[in-house]
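Number of protein chains: 2
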Amino acid sequence: MPTQSNDCPCLNVDCERYKDCDPCRESHFNRGYLPACDRPRDADGNFVMPVLGNYLVTQVALIVRDIETTKKKFAAFFGVEPPPTVTGGNYEIAKTVYMGNPAPKAGCKLAFFNGGPNLSIELIEPNGEQSTWQDFLDKNGEGIHHIAFGVKDMNEKVEACEKLGMICTQRGKYGDGSGEYAYLDATADLKCFIELLESY
Amino acid sequence: MPTQSNDCPCLNVDCERYKDCDPCRESHFNRGYLPACDRPRDADGNFVMPVLGNYLVTQVALIVRDIETTKKKFAAFFGVEPPPTVTGGNYEIAKTVYMGNPAPKAGCKLAFFNGGPNLSIELIEPNGEQSTWQDFLDKNGEGIHHIAFGVKDMNEKVEACEKLGMICTQRGKYGDGSGEYAYLDATADLKCFIELLESY
Numbered sequence: 011m012p013t014q015s016n017d018c019p020c021l022n023v024d025c026e027r028y029k030d031c032d033p034c035r036e037s038h039f040n041r042g043y044l045p046a047c048d049r050p051r052d053a054d055g056n057f058v059m060p061v062l063g064n065y066l067v068t069q070v071a072l073i074v075r076d077i078e079t080t081k082k083k084f085a086a087f088f089g090v091e092p093p094p095t096v097t098g099g100n101y102e103i104a105k106t107v108y109m110g111n112p113a114p115k116a117g118c119k120l121a122f123f124n125g126g127p128n129l130s131i132e133l134i135e136p137n138g139e140q141s142t143w144q145d146f147l148d149k150n151g152e153g154i155h156h157i158a159f160g161v162k163d164m165n166e167k168v169e170a171c172e173k174l175g176m177i178c179t180q181r182g183k184y185g186d187g188s189g190e191y192a193y194l195d196a197t198a199d200l201k202c203f204i205e206l207l208e209s210y
Numbered sequence: 011m012p013t014q015s016n017d018c019p020c021l022n023v024d025c026e027r028y029k030d031c032d033p034c035r036e037s038h039f040n041r042g043y044l045p046a047c048d049r050p051r052d053a054d055g056n057f058v059m060p061v062l063g064n065y066l067v068t069q070v071a072l073i074v075r076d077i078e079t080t081k082k083k084f085a086a087f088f089g090v091e092p093p094p095t096v097t098g099g100n101y102e103i104a105k106t107v108y109m110g111n112p113a114p115k116a117g118c119k120l121a122f123f124n125g126g127p128n129l130s131i132e133l134i135e136p137n138g139e140q141s142t143w144q145d146f147l148d149k150n151g152e153g154i155h156h157i158a159f160g161v162k163d164m165n166e167k168v169e170a171c172e173k174l175g176m177i178c179t180q181r182g183k184y185g186d187g188s189g190e191y192a193y194l195d196a197t198a199d200l201k202c203f204i205e206l207l208e209s210y
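Quick look at the structure:
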């Protein structure tokens, strides 16, 4: 509940930007959620929060057939050296789960470009085995597959998305074990796939 | 050509970050191009430059059938108020050109969300008349359509993209006349559509 008057529900009296609206809004904007005074409320007067805790897109990813060729095209277009190609990792580390079942054969190659202050462009080449990546390639061909968001408490966030009707198609750890991901089929409502990323 | 030694081709001696590598790299990274010492060179030793002048993605855009419904779903997911829906503008201002020909009927509705420090998420509902938006909807259904980059000197940048084999499918002005856009079919090499945006 607001601790201040209704026309300025500034919640954190200790904040250095307290009641200093422009830098407050800018700070919130860059962290991907609204300050209290701009946040919508539900019918009971409670603040509506982003389902994921923020709405910062950290990645836009494309499914490609031949990552070596496509990454060179992107590198030439961007005027940068082609980035290294890495694998999605071995099953022993990645522990890939596809549609709720272990998927030891599911795999991919990956390459990443800088796309902005908080954004990477990811290329993904599926390995031909069944996976959410291969499903997209078989159904849609090459193209933009998902946008990704950084989260905390992955299980809780996946459940929140499932309650909204999204389908968790695949989960696993990063290839080096330094975090985990989950893909949500949000095509019914958000018209795209989203990925949640939790780096440890 | 580098004005300094080969192992540190720092070009701008008046820069406050001159020879101060970490802040230099961070500054370049956030502006979307590499510092001289990190930039690749062609066979003649000349620096390779980004085709567009930078590689900062400023927008990721989705084609949707019903913008009013989808924008409410995104707003609820992000915990924000639904943004206003605006039109792509009247032909008198937009001067839409589709595949090289005037397209006075081509139109769309638009809505924008914050997606990060330098990124907006755009929803586009085509109006049923022929356009690059409607073509995507008819061929692919709803989904992520393009990533966009801010440019200067639009004509020059469109030509540079066409020389790479991209096809300019549509051009026009912003609905309020405050800038212009061009769509490039880059599916052959980059496996997606890109949009160039020049705000006046």
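Chains as they are written, first to last, in this note's numbering: chain A, 11 to 210; chain B, 11 to 210. From the three backbone atoms N, C-alpha and C, an ideal C-beta is built for every residue, glycine too. Since we're looking at a predicted model, the values are computed, not measured.
Name, please, each residue of chain B whose Cβ falls closer than 9 angstroms to the Cβ of A:M164.
For the purposes of this step, residue 164 of chain A is taken as residue 154 along the first sequence, with counting starting at 1. Residues of chain B passing the Cβ test: none, with the nearest at roughly 17 angstroms.
Interface residues of chain A facing B:I154 [CB-CB closer than 9 angstroms]
Taking the first residue of the second sequence as 1, we reach residue 154 of chain B at position 144. Contacts between B:I154 and chain A, judged by CB atoms closer than 9 angstroms, involve V70, G153, I154, H155, H156, I157, K201, C202 and F203 in chain order.
Taking the beta strand (DSSP E) that A:E208 falls in, what are its first and last residues?
Translated into the one-based positions of the first sequence, residue 208 of chain A becomes position 198. Its beta strand (DSSP E) spans residues F203 to S209.
Strand pairing of B:Q180, partner residues [DSSP]
For this step, residue 180 of chain B is matched to residue 170 along the second sequence. DSSP lists B:Y108 and B:Y193 as partners of B:Q180.
Contact with chain A by B:P60, beta-carbon distance below 7 angstroms:
The residue you call residue 60 of chain B lines up with position 50 of the second sequence. Taking Cβ atoms only, chain A reaches closer than 7 angstroms to B:P60, which makes this a yes.
Counting only the same chain and skipping the five closest in sequence on each side, list residues whose C-beta sits under 6 angstroms from that of A:E132.
Translated into the one-based positions of the first sequence, residue 132 of chain A becomes position 122. Excluding positions up to five away in sequence, the list reads Q69, A71 and F122.
Grab the span of the alpha helix (DSSP H) containing A:N40 for me, first residue to last.
Position 30 of the first sequence, counted from the start, is the residue given in the question as residue 40 of chain A. The continuous alpha helix (DSSP H) containing A:N40 extends over residues C31 to R41.
Can you say whether B:Y210 is buried or exposed, counting buried as having 16 or more other CB atoms within 10 angstroms of its CB?
Numbered from 1 along the second sequence, position 200 holds the residue referred to as residue 210 of chain B. Burial call: exposed.
Taking A:V67 as the query, report the chain B residues whose CB atoms sit under 8 angstroms from its CB, ordered along the chain.
Indexing the first sequence from 1 puts residue 67 of chain A at position 57. Per Cβ cutoff of 8 angstroms: V70, G125, G126, L129 and I131.
Is there a Cβ of chain B sitting closer than 7 angstroms to that of A:V90, yes or no?
Here residue 90 of chain A refers to the residue found at position 80 of the first sequence. So yes, A:V90 belongs to the interface.
B:N142 lies in the alpha helix (DSSP H); which residues open and close that run?
Reading the second sequence from its first residue, position 132 is the one you call residue 142 of chain B. For clarity, residue 142 of chain B is Thr in the given sequence; the question names Asn instead. T142 to N150 is the span of the alpha helix (DSSP H), which, as asked, contains B:T142.
With a threshold of 7 angstroms between beta-carbons, can B:N16 be considered close to chain A, or not?
Mapped onto the second sequence, residue 16 of chain B falls at position 6. Because B:N16 sits at a pLDDT of 47, beneath the cut-off of 50, its placement in the model cannot be relied upon, and the following sentence gives the value as read from the coordinates. Against chain A, the CB of B:N16 has no partner CB under 7 angstroms away; the residue lies outside that interface.
For the alpha helix (DSSP H) holding B:A86, just list the boundary residues, first then last.
Taking the second sequence and counting its residues from 1, one reaches residue 86 of chain B at position 76. Where B:A86 is concerned, the enclosing alpha helix (DSSP H) starts and stops at I77 to F88.
With a 10 Å radius around its C-beta and 16 neighbouring C-beta atoms as the bar for buried, classify A:P136 as buried or exposed.
Here residue 136 of chain A is taken as the residue at index 126 of the first sequence, counted from 1. Classification for A:P136: buried.
Answer with yes or no whether the minimum CB distance from A:N137 to chain B is below 7 angstroms.
One-based indexing of the first sequence puts residue 137 of chain A at position 127. A:N137 does not count as touching chain B.
Counting only Cβ-Cβ distances shorter than 9 angstroms, please list the residues of the segment 37 to 51 of chain B near chain A, keeping chain order.
When CB distances to chain A are screened at a threshold of 9 angstroms, the residues of the segment 37 to 51 of chain B falling below it are F39, N40, G42, Y43, L44, D48, R49 and P50, in chain order.
Along the segment 77 to 89 of chain A, where does the CB come closer than 9 angstroms to a CB of chain B? Name the residues.
Look at the segment 77 to 89 of chain A: the residues with a C-beta under 9 angstroms from a C-beta of chain B are T79, T80, K83, F84, A85, A86, F87, F88 and G89.
From the DSSP output, which residues share a beta bridge with A:H156?
Within the first sequence, numbered from 1, the residue matching residue 156 of chain A stands at position 146. The partner list for A:H156 (beta bridge, DSSP) reads A:A71 and A:F203.
Using a Cβ-Cβ cutoff of less than 8 angstroms, which residues in the same chain neighbour B:A46 once the five nearest sequence positions on both sides are dropped?
Within the second sequence, numbered from 1, the residue matching residue 46 of chain B stands at position 36. Excluding positions up to five away in sequence, the list reads P12, P19, C20, L21 and F57.
Listed by chain order, chain B residues near A:V74 by CB distance under 8 angstroms:
Here the question's residue 74 of chain A lines up with position 64 in the first sequence. Neighbours of A:V74 on chain B, chain order: K201.
A:G151 beta carbon less than 7 angstroms from that of B:V67
On the second sequence, position 57 is the one that residue 67 of chain B refers to. On the first sequence, position 141 is the one that residue 151 of chain A refers to. With contacts defined by Cβ atoms closer than 7 angstroms, B:V67 and A:G151 do not form a contacting pair.
Would B:A104 and B:K183 qualify as a contact pair, given that the criterion is a beta-carbon distance under 7 angstroms?
Here the question's residue 104 of chain B lines up with position 94 in the second sequence. Here the question's residue 183 of chain B lines up with position 173 in the second sequence. Contact flag set, yes.
Could you give the distance in angstroms between the alpha-carbon of B:C202 and the alpha-carbon of A:E26?
One-based indexing of the second sequence puts residue 202 of chain B at position 192. One-based indexing of the first sequence puts residue 26 of chain A at position 16. Whole-angstrom Cα-Cα distance: 43 angstroms.
Since B:G226 sits in a beta bridge, which residues does DSSP pair it with?
No information on residue 226 of chain B is available, as it lies outside the stretch 11 to 210 that chain B covers here.
Could you check the C-alpha separation between B:D199 and A:C178 for me, to the nearest Å?
Position 189 of the second sequence, counted from the first residue, corresponds to residue 199 of chain B. Position 168 of the first sequence, counted from the first residue, corresponds to residue 178 of chain A. So the alpha carbons of these two residues sit roughly 30 angstroms apart.
So, with DSSP's three-state summary, where would you put B:A170?
Your numbering for residue 170 of chain B matches position 160 in the second sequence. If DSSP states are grouped into helix, strand and coil, B:A170 belongs with the helices.
Please name the residue, chosen from A:K162, A:V168 and A:C118, that lies closest to A:T142 on a Cα-to-Cα basis.
If you number the first sequence from 1, residue 142 of chain A lands on position 132. The option with the nearest alpha carbon to A:T142 is A:C118.
Report back the beta-carbon spacing between B:M176 and B:L194 to the nearest angstrom; my notes put them in contact at under 8 angstroms.
The sequence position of residue 176 of chain B within the second sequence is 166, counting from 1. The sequence position of residue 194 of chain B within the second sequence is 184, counting from 1. Yes, they are in contact, since the Cβ atoms of B:M176 and B:L194 sit about 4 angstroms apart, within 8 angstroms.
Same chain, Cβ closer than 7 angstroms to A:T80, five either side skipped, listed in chain order
Here the question's residue 80 of chain A lines up with position 70 in the first sequence. In chain order, V74 and L133 place their CB closer than 7 angstroms to the CB of A:T80, counting only its own chain and leaving out the 5 sequence neighbours on each side.
With 16 other Cβ atoms within 10 Å as the buried cut-off, status of B:V23
If you number the second sequence from 1, residue 23 of chain B lands on position 13. With fewer than 16 other CB atoms across the displayed protein chains lying within 10 angstroms of its CB, B:V23 is exposed.
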